[in-house]
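Engineer: Structure incoming, see below.
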Amino acid sequence: MIAQIIFLIIFLAASILFTIQVRKIIRNINLGKDINRSDHTTERWKVMAKVALGQTKMVRRPIAGIMHIFVYLGFIIINLEVLEIIIDGLFGTHRIFSFLGSFYNFLIGSFEILALLVLVGVIVFLARRLILGLKRFSGVEMKAWPKADALYILIIEVLLMSAFLTMNAADYKLQLAGYGHYILAGSFPISQFLTGLLPNSPEALEWIERACWWFHIVGILAFLNYLPISKHFHIILAFPNTWYSNLHKKGKFTNMETVTNEVKAMLDPSFTPPPADAIGRFGAKDVQDLNWVQLMNAYTCTECGRCTDVCPANQTGKLLSPRKIMMDTRDRLEEVGNHKAKNGKDDDDGKSLLDDYISREEIWACTTCNACTEACPVNIDPLSIIVDLRRYAVMEESNVAGSLNAMFSNVENNGAPWKYSPADRLNWATKD
Amino acid sequence: MAEMMAAGEKPEILFWVGCAGSYDERAQRITRAFAKILTHVGIKFAVLGTEESCTGDPAKRAGNEFLFQMQAMMNIQVLDGYQVKKIVTACPHCFNTLKNEYPQLGGNYEVIHHTQLIQDLITQGKLKAEGGDFKGKKITFHDPCYLGRGNGVYEAPRAALEILDADLVEMKRCKSNGLCCGAGGAQMFKEPEKGKKDINIERMEDVLASKAEIVAVGCPFCMTMMNDGVKNFNKENEIEVLDIAEISARVNGL
Chain H
1 MIAQIIFLII FLAASILFTI QVRKIIRNIN LGKDINRSDH TTERWKVMAK VALGQTKMVR
61 RPIAGIMHIF VYLGFIIINL EVLEIIIDGL FGTHRIFSFL GSFYNFLIGS FEILALLVLV
121 GVIVFLARRL ILGLKRFSGV EMKAWPKADA LYILIIEVLL MSAFLTMNAA DYKLQLAGYG
181 HYILAGSFPI SQFLTGLLPN SPEALEWIER ACWWFHIVGI LAFLNYLPIS KHFHIILAFP
241 NTWYSNLHKK GKFTNMETVT NEVKAMLDPS FTPPPADAIG RFGAKDVQDL NWVQLMNAYT
301 CTECGRCTDV CPANQTGKLL SPRKIMMDTR DRLEEVGNHK AKNGKDDDDG KSLLDDYISR
361 EEIWACTTCN ACTEACPVNI DPLSIIVDLR RYAVMEESNV AGSLNAMFSN VENNGAPWKY
421 SPADRLNWAT KD
Chain U
1001 MAEMMAAGEK PEILFWVGCA GSYDERAQRI TRAFAKILTH VGIKFAVLGT EESCTGDPAK
1061 RAGNEFLFQM QAMMNIQVLD GYQVKKIVTA CPHCFNTLKN EYPQLGGNYE VIHHTQLIQD
1121 LITQGKLKAE GGDFKGKKIT FHDPCYLGRG NGVYEAPRAA LEILDADLVE MKRCKSNGLC
1181 CGAGGAQMFK EPEKGKKDIN IERMEDVLAS KAEIVAVGCP FCMTMMNDGV KNFNKENEIE
1241 VLDIAEISAR VNGL
């Protein structure tokens, strides 16, 4: 009974804490500007099914992709077991679903196989980070916290899976001994090989089984609350993030409607622009100037670095790293969110995403080639943020390299980015 | 275009030449090659000539949305004035901008890239495809970002090369994983940020690794970048950079 009460308290506390954290993230994402991404729902479901559920972009890199599928399937399917653990915990039962008989055996057996696959995947991931030292896991933005974060996640997963298998092994051994309430239930294709490592005394076995049971479930609840402060939050946001992703051709950049109205008014004096609501900035200086999908992108990023790994600017030693753009956006958004929570929503801390986090040198190194957006396994779009920062630098500040200013004035005056006369446009036809 | 309209004629298609194709000496050769192809197959086409103006692409990529939309609205007025329905262009940047970014501003045209038209002409049997001096040569295709990743066109340019009877090789980074030449996003018009090398040099290393004798391109800016890359490695005598239009024109003896 005491165990049940303790379980209930831990379970409720974990759920409440998680809700508070998630609401904070939703509040931050809502600081972004509105954008309509609820059109073409059928297509959006398809994109989500393919990219998030189906992991189609993950497997473009086969080793990481397959290992990730192990961990992903393990995570989703083994969580069915958590349902049983929670019911057992609340009602003091043991293996409540065992009445399912052979289907239950099948389930537990599959969980065990998946748990082993998760362990394999996670160990490969650890080796890639710690032993092989893949280039994309380092870089300027991969400071102490992002690196530690990745290792914590992997180590927690090793511990959780080990506890799960050890628990089953002890349970199985008690079942065979016909001890107490340990009825014959489940099949143990993996943990049966661990029984030899465990003591024979039923008391010790029961202690191990209980300890692992508690460690497993408390570990899961703690991990749940680690997600919102970690890059690992992608396991939740990957789904909405792909659902709300850009469905247009990647080459198509947004046309700014506010600009359209001004340009129309300039070209046609009789055009009355619709009343503009709260005059905003052109482009983005800070996170509130971005739209909420861009901000959700930042929380979805799990810092895998595939974007940076294919970025032509980064690969040739420039400062730009698309992953850093996303991490900076998230860090700045957290800072702004916390500041507003403390000092009121209209208070400004005097800092901004541009310059305090992302430098001019970074945004101007981009070739807008879309390699980053193509590579992202969850359809994050760092390019749109870079372009919005450029728009601010150009349209609000006129702060650009002289060569680009020259290009602008050539386009404006001669209709070409170079200083050639429009009268010479047909010269190609007269030469050979 | 103005002359055709004055004579009461209507072209089947408008050839949008673009700034590079109009002014850049190397790219002018692409323009001439493509114009020869159009004439050869008997497509009635027109160009805007002195009435053509920048699509606004470099301004837009550099963040100058005002200038882009000014250009777009003015171009749409000209295009609509001539009742243009279909546009072909040899520049993926013009292609992308006209096709994807003009409709919302009121400019609705059927826009194709010249490699798509060349592919069609080959399928229809109007362009000869085989061989000539390309027979057995190692050719690689460098995907332009705004044609490939930007618009999902990967096969049309390859289709024009596949039937050459040449040895078509892919670079290690190709198609959706292709590496940019370094010119996009208005980089063509500014100095690169500091780094350990230029992007076109990195790309040229892919070309060298593929051992290709001919680098086929489908973009006048890629052309410039790849040519500079070839020069940088002193490979002018071993590697030739050619646009798909130039290759097709040459095969057809144009």
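Sequence lines, in order, name chains H and U. For the first sequence, the working numbering assigns the number 1 to the initial residue and increments by one for each residue that follows. For the second sequence, the working numbering assigns the number 1001 to the initial residue and increments by one for each residue that follows. Every residue, glycine too, gets a C-beta built ideally from N, C-alpha and C.
1) Chain U beta carbons: is any one of them nearer than 9 Å to that of proline 417/H?
2) Taking only runs of the alpha helix (DSSP H) that begin and end inside the segment 312-365 of chain H, which ones reach a length of at least 4 residues, in chain order?
3) Based on Cα-Cα distance, which residue from Gly1152/U, Glu1202/U and Lys1172/U lies nearest to glycine 251/H?
4) Under 9 Å between the Cβ atoms of glycine 1056/U and arginine 391/H?
5) Tell me, please, whether the CB atom of alanine 423/H is closer than 9 Å to any CB atom in chain U?
6) Roughly how many angstroms separate the alpha carbons of cysteine 366/H and methionine 395/H, rounded to a whole number?
7) For the segment 252-270 of chain H, which residues have a beta carbon sitting closer than 8 Å to at least one beta carbon of chain U?
8) Are any of the Cβ atoms in chain U nearer than 9 Å to that of methionine 58/H?
9) Got a sec, what are the start and stop residues for the alpha helix (DSSP H) phenylalanine 1233/U sits in?
10) Going by C-alpha to C-alpha distance, which of Pro1157/U, Pro1011/U, Glu1170/U and Asp1206/U sits closest to cysteine 1181/U?
11) Cβ of glycine 1253/U less than 9 Å from any chain H Cβ?
12) Interface residues of chain U around serine 230/H at Cβ under 7 Å?
13) With 9 Å as the threshold, decide whether the Cβ of alanine 64/H is near any Cβ in chain U.
14) Report the partner residues of glutamate 374/H according to the DSSP bridge assignment.
15) What in chain U is Cβ-close to asparagine 283/H, meaning under 7 Å?
16) Mind reading off the beta-carbon distance from valine 378/H to histidine 248/H? Whole number of angstroms is fine, and I expect it under 8 Å.
17) Using 8 Å for Cβ pairs, my map puts isoleucine 307/H next to cysteine 376/H. What's the rounded Cβ distance?
18) How close, in whole Å, do the beta carbons of glycine 89/H and phenylalanine 11/H come, if the pair is a contact with beta carbons under 8 Å?
19) Quickly, what does DSSP pair asparagine 291/H with across the bridge? List them, please.
20) If the cut is a Cβ gap below 7 Å, which residues of chain U does tyrosine 420/H touch?
21) Chain H partners of glutamine 1071/U, CB-CB under 9 Å?
22) In this structure, how does DSSP classify leucine 83/H when only helix, strand and coil are distinguished?
23) What does DSSP give as the partner residues of phenylalanine 1015/U in its beta bridges?
24) Is there at least one Cβ from chain U nearer than 9 Å to histidine 40/H's Cβ?
25) What whole-angstrom Cβ distance do glycine 219/H and alanine 163/H have, given they're in contact under 8 Å?
26) Under 9 Å, Cβ to Cβ, is there at least one residue of chain U near proline 312/H?
27) Bridge partners of aspartate 1167/U, per DSSP?
Structural biologist: Taking the definition as stated:
1) For the purposes of this step, residue 417/H is taken as the residue at position 417 of the first sequence. Interface residue, yes.
2) 312-315, 322-343, 353-356 and 360-364
3) Looking up residue 251/H in the first sequence gives position 251. Of the listed residues, the one whose Cα sits closest to glycine 251/H is Gly1152/U.
4) Residue mapping note: residue 1056/U aligns to position 56 of the second sequence, counting from 1. Residue mapping note: residue 391/H aligns to position 391 of the first sequence, counting from 1. No, these two residues do not count as a Cβ contact at 9 Å.
5) Residue numbering aside, residue 423/H sits at position 423 when the first sequence is read from its first letter. Interface residue, yes.
6) For the purposes of this step, residue 366/H is identified with residue 366 of the first sequence, where counting begins at 1. For the purposes of this step, residue 395/H is identified with residue 395 of the first sequence, where counting begins at 1. Those two C-alpha atoms are separated by around 18 Å.
7) Lys252, Phe253, Asn255, Met256, Val259, Thr260, Glu262, Val263, Lys264, Met266 and Leu267
8) In the first sequence, the residue the question calls residue 58/H occupies position 58. Closer than 9 Å: no.
9) Along the second sequence, one-based indexing puts residue 1233/U at 233. Note, phenylalanine 1233/U: premise wrong, no alpha helix (DSSP H); not H, not E.
10) Taking the first residue of the second sequence as position 1, residue 1181/U is located at position 181. That would be Asp1206/U, whose Cα lies nearest to the Cα of cysteine 1181/U.
11) Here residue 1253/U is taken as the residue at index 253 of the second sequence, counted from 1. Taking Cβ atoms only, chain H never reaches closer than 9 Å to glycine 1253/U, which makes this a no.
12) Mapped onto the first sequence, residue 230/H falls at position 230. In chain order: nothing, as chain U lies at least about 29 Å away.
13) Mapped onto the first sequence, residue 64/H falls at position 64. For alanine 64/H, the answer is no, since every Cβ of chain U falls outside 9 Å of its Cβ.
14) To locate residue 374/H, count along the first sequence from 1; it is residue 374. DSSP lists no partner for glutamate 374/H.
15) On the first sequence, residue 283/H is found 283 positions in, with the first residue counted as 1. Note that residue 283/H is glycine in the sequence shown here, rather than asparagine. Ordered by position in chain U, the residues that pass the 7 Å Cβ test against glycine 283/H are Gly1063.
16) Within the first sequence, residue 378/H is the residue found at index 378, counting from 1. Within the first sequence, residue 248/H is the residue found at index 248, counting from 1. Not really, about 18 Å apart at Cβ, beyond 8 Å.
17) For the purposes of this step, residue 307/H is taken as residue 307 along the first sequence, with counting starting at 1. For the purposes of this step, residue 376/H is taken as residue 376 along the first sequence, with counting starting at 1. A quick correction: the sequence has cysteine, not isoleucine, at residue 307/H. The Cβ separation is near 6 Å, so the contact holds.
18) Translated into positions along the first sequence, residue 89/H becomes position 89. Translated into positions along the first sequence, residue 11/H becomes position 11. With a Cβ gap of about 7 Å, glycine 89/H and phenylalanine 11/H count as contacting.
19) Mapped onto the first sequence, residue 291/H falls at position 291. For asparagine 291/H, which the question treats as bridged, DSSP gives the partners Lys33/H.
20) Looking up residue 420/H in the first sequence gives position 420. What tyrosine 420/H touches in chain U: Tyr1023.
21) In the second sequence, residue 1071/U corresponds to position 71, counting from 1. Within chain H, the residues near glutamine 1071/U are Val411, Glu412 and Gly415.
22) Start at 1 with the first residue of the first sequence, and residue 83/H comes out as number 83. If DSSP states are grouped into helix, strand and coil, leucine 83/H belongs with the helices.
23) As a position in the second sequence, residue 1015/U is number 15, starting the count at 1. Paired residues: Val1088/U.
24) Residue numbering aside, residue 40/H sits at position 40 when the first sequence is read from its first letter. Chain U, which has no Cβ nearer than 9 Å to the Cβ of histidine 40/H, makes this no.
25) As a first step, residue 219/H is located in the first sequence; it is residue number 219 there, counting from the start. As a first step, residue 163/H is located in the first sequence; it is residue number 163 there, counting from the start. The Cβ separation is near 7 Å, so the contact holds.
26) The count along the first sequence starts at 1 and reaches residue 312/H at position 312. Taking Cβ atoms only, chain U reaches closer than 9 Å to proline 312/H, which makes this a yes.
27) The residue given as residue 1167/U occupies position 167 in the second sequence. Answer by DSSP bridge pairing, in chain order: Lys1138/U.
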